[in-house]
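**Q** Everything in the sequence shown is counted per the UniProt record's numbering, starting at 1 for the first residue and increasing by one.
Handing you this structure, nothing more for now.
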Amino acid sequence: MDPTQDRTEPHPQVPPASEDPATLRVYYRQMALIRHFELRAAEMYTRAKIGGYCHLNLGEEATVVGLMAALRPTDYLFTTYRDHGYALARGADPGRVMAELFGRATGLSGGRGGSMHLFDAALRMLGGYGIVGGQMPPATGAALAIAHRGEPGPDSEAVMCLLGDGTTNIGAFHESLNLAAVWHLPIVYVIVNNHLGMGTPVEAASGEPSLYRRGCAYRIPGARVDGNDVIAVRDAAQTALEQARTEHRPRLLEAVSHRLRGHSVVDPARYRSAQETERLREQDPLPAFRALLIEDHILDQEAADLIDEECEQTVTAAVDFADASPPPDVARLFDHVYATEVANTYFGLPGDSPAGSEVFTGQPGKE
């Protein structure tokens with residue numbers, strides 16, 4: 001069989017008649033906020049307000065919102081370095097997210113992490129990870145902790161671990177899935193498959209390009225969903241999470257999506273033809289969802305425009321907040337190195353003389 005025939009292509013979205021119109025409007029607002037935020041983040045990067053690497057969720061908004069809608073507040077989330085949209089949909093303040101991209105002290109990670117390392121313990125978003133697959137071992141460990149704490153059941157916590165299609169080819173993917181299966185862990189691994197590991201097509205890098213099947217060696221059930229359909233993504237993720245909770249067994253979910261830009265802000269994506277780029281733009285989930293809600297009289301044109309305007313204002317306020325925020329204090333450089341106090345820890349800065357017992361203290365500023 002030609003492996004490309006197993007690709008999931010977007011289909012017309014038809015929300016069930018029973019779907020709450022207010023919920024659908026919330027999903028559209030979240031998708032629109034992510035779109036406006038990411039477009040402004042790209043602009044801020046070109047203006048040198050954002051440094052380092054910067055990876056955007058443009059084109060993946062339906063996948064992002066659908067996955068986050070499936071999570072409970074008590075669930076844990078581990079993401080890749082393409083994490084801005086997930087933080088926003090999880091409930092993070094846009095100003096603090098933008099401030100983190102700017103490297104400011106008011107950011108989610110105090111300006112220490114930047115674009116790839118968003119973290120909010122209160123939201124149980126335990127990090128974006130800059131290393132490909134770096135999130136999989138700690139996410140599996142968090143699921144192990146949940147399994148130790150309590151029995152499976154509908155009220156159990158669960159872990160969602162996001163990964164890209166390229167991650168399925170590294171050792172941590174197989175090691176994590178194997179341990180999750182052996183130890184019966186409540187975790188859902190979600191592959192966001194945009195068909196490109198940076199610039200390499202999935203079919204050129206994986207002997208089994210239908211990535212939801214790659215858990216079969218560990219007897220982990222897998223499913224594939226159209227990542228351009230926010231309702232389908234939410235429902236598939238909810239089903240997988242429910243199974244993980246009640247059975248304390250891992251699940252593998254593949255959401256087929258498309259990024260509309262290059263791998264990162266600086267990637268011109270020349271590996272795509274003009275025809276392919278145009279085809280993906282025609283499948284853009286945001287205008288498709290907007291048109292659907294208008295057609296079903298869940299939104300009218302004026303209401304949709306108002307949501308877009310409000311999202312733009314929110315992002316503008318986020319940029320202003322980030323721009324006005326101070327950089328991290330150099331004197332706080334060693335904060336958070338350890339989770340608890342460690343005796344005789346040296347908190348001097350580079351170039352400082354270690355001479356004198358006063359610099360070998362348990363906490364900075366204490367003699």
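Note that beta-carbon positions come from the ideal geometry of N, C-alpha and C, so glycine has one too.
If we count the other Cβ atoms within 10 Å of its Cβ and call it buried at 16 or more, is Met198 buried or exposed?
**A** exposed
**Q** How long is the line joining the alpha carbons of Gly66 and Arg90, rounded to whole angstroms?
**A** 11 Å
**Q** In whole angstroms, give me the CA-to-CA distance for Phe289 and Ala62.
**A** In this structure, the alpha-carbon of Phe289 lies about 9 Å from that of Ala62.
**Q** Quick one: what's Tyr76 bridged to in DSSP?
**A** Val159
**Q** How many whole angstroms separate the CB atoms of Cys161 and Val190, which I take to be in contact at a CB cut-off of 8 Å?
**A** 7 Å
**Q** For Phe347, name the three-state secondary structure that DSSP assigns.
**A** coil
**Q** For the beta strand (DSSP E) that Glu60 lies in, which residues bound it at each end?
**A** Note, Glu60: premise wrong, no beta strand (DSSP E); not H, not E.
**Q** Thr46: buried (16+ other C-beta within 10 angstroms of its C-beta) or exposed?
**A** exposed
**Q** What does residue 390 pair with, by DSSP beta-bridge criteria?
**A** Since the first residue of the chain shown is 1 and the last is 367, residue 390 is not available in this structure.
**Q** Are the Cβ atoms of Gly128 and Thr79 separated by less than 8 Å?
**A** yes
**Q** Between which two residues does the alpha helix (DSSP H) holding Asp235 run?
**A** Judged by DSSP secondary structure, Asp235 falls within the alpha helix (DSSP H) whose first and last residues are Val230 to Glu247.
**Q** Touching or not, the stretch 83–103 and the stretch 134–147, by the rule of three or more beta carbon pairs under 8 Å?
**A** Flag = no, the stretch 83–103 and the stretch 134–147 do not touch.
**Q** With a 10 Å radius around its C-beta and 16 neighbouring C-beta atoms as the bar for buried, classify Ile187 as buried or exposed.
**A** buried
**Q** Apart from the five residues just before and just after Gly130, which ones in its own chain have a Cβ nearer than 7 Å to its Cβ?
**A** Tyr81, Met116 and His117
**Q** Taking C-beta to C-beta, are His263 and Gln283 nearer than 8 Å?
**A** no
**Q** What residue range is occupied by the uninterrupted alpha helix (DSSP H) comprising Ile220?
**A** No alpha helix (DSSP H) holds Ile220; DSSP gives it neither H nor E.
**Q** Between Leu58, Ala48, Val132 and His148, which has its C-alpha nearest Leu101's C-alpha?
**A** Ala48
**Q** By Cβ distance below 7 Å, which residues in the same chain neighbour Ala244 in space, the five residues on each side in sequence not counted?
**A** Ala158, Pro186, Ile187, Val188, Pro250 and Arg251
**Q** Under three-state DSSP, which class holds Tyr53?
**A** DSSP, reduced to helix, strand and coil, places Tyr53 outside both helices and strands of the structure shown, so it counts as coil.
**Q** Please classify Ala92 as buried or exposed, where buried requires at least 16 other C-beta atoms within 10 Å of its C-beta.
**A** buried
**Q** Kindly provide the ranges of any beta strand (DSSP E) runs that are 3 or more residues long and lie completely inside the stretch 165–217, ordered along the chain.
**A** Complete beta strand (DSSP E) runs here, min 3: 187–193.
**Q** Going by alpha carbons, who is nearest to Asp329 out of Ser18, Tyr76, Cys311 and Arg104?
**A** Arg104
**Q** Verify whether the separation of the beta carbon atoms of Leu163 and Met136 is less than 8 Å.
**A** yes
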